[in-house]
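Heads up, the thing below is written out as structure tokens.
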Amino acid sequence: IERASDLRNADWMLGGSSDPYCICEVRGQPHMRFRTPTIQDNLNPEWNYKFVLPKLHPEDVLEFTVMDEDFHNAGDLLGKASLRGEDIAAGFRNELTLRNDGQNGTATLSVWVRVPGVDLDVDRSTVSSSSLNL
6 IERASDLRNA
16 DWMLGGSSDP
26 YCICEVRGQP
36 HMRFRTPTIQ
46 DNLNPEWNYK
56 FVLPKLHPED
66 VLEFTVMDED
76 FHNAGDLLGK
86 ASLRGEDIAA
96 GFRNELTLRN
106 DGQNGTATLS
116 VWVRVPGVDL
126 DVDRSTVSSS
136 SLNL
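Just so we're on the same page, our numbering is the position in the sequence shown counted from 1, plus 5.
What follows is the structure, encoded as structure tokens:
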């Protein structure tokens, strides 16, 4: 998980900016869940967070959820995106449009999936989650 851009400010009433973090989970497999650190007061966080997933199957779906960390409640949703296993079998490096971002789809999440033995040369244009038929 590289970074997010143009996140909404869920903490505007508190005089600050969102404190985002991102969760990546394989749908239906809660034991395969990873979380970036929280970046304080930042609407364009750069995590450059790396983790290793076991082999994914074509029918698996990676779900990304970007949240605003709050100490007084469960936090605020800043957006979601998904990738199918079949779409990342050869690797993936691109920006995903976050749905449910509270801003009509202007927020993005940059993701890089490396597959051992595969040389990745992917266009950096923005991909909409809806174009991936999820």
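All C-beta atoms in this analysis are idealised placements derived from N, C-alpha and C, irrespective of residue type, glycine included.
- Excluding residues up to 5 positions away in sequence, R40 and T70 lie with their Cβ nearer than 6 Å to the Cβ of I28 in the same chain.
- When DSSP reads this structure, K85 sits in a beta bridge with T70 and R104.
- A straight-line Cα-Cα distance of about 19 Å links Q34 and I6.
- Contact check for L61 against A86 fails: the beta carbons are separated by 7 Å or more.
- Separation of V123 and E30 (C-alpha to C-alpha, rounded to the nearest whole angstrom) is 23 Å.
- When only Cα atoms are considered, G20 and D65 end up about 40 Å apart.
- According to the DSSP assignment, E91 belongs to the alpha helix (DSSP H) that extends over G90 to I93.
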